[in-house]
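Heads up: the structure comes next, in structure tokens.
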Amino acid sequence: MKIIETKEGSVLEVCVKPSSKEFKIVVEGDEIIVFCREEPVKGKVNKELLDEFSRLFHKKVELVSGFTSKKKRVLIRGVGRSDVAPILLRR
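Positions in the sequence shown are counted from 1; adding 9 to them yields this note's numbering.
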């Protein structure tokens, strides 16, 4: 899993698959794949991604990069690297 710890929190590198039947997070080897229900139009996928991650971690979540790409970097504020992996793997 690509997780970078910063002083603000943890940054995850994720690959987004839009227009899926359900929202789910899959960890395959070193990659975090996020299946989103929304279509990639007018930031709908980004909003769904941030809302779901915020709900999952109970923290403020921001998109750092990849606003128009399938490869995105997401900052989860106030969460350490050691806390992120167990939450993602439990999902």
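C-beta: ideal position from N, C-alpha, C; glycine also.
query                                                                          : result
Cα-Cα separation between residue 66 and residue 50, rounded to whole angstroms : 25 Å
DSSP state of residue 78 mapped onto helix, strand, coil                       : coil
Through-space distance from residue 53 to residue 74, alpha-carbon basis       : 15 Å
DSSP beta-bridge partners of residue 71                                        : 84
Beta-carbon proximity check, residue 70 vs residue 59, cutoff 7 Å              : yes
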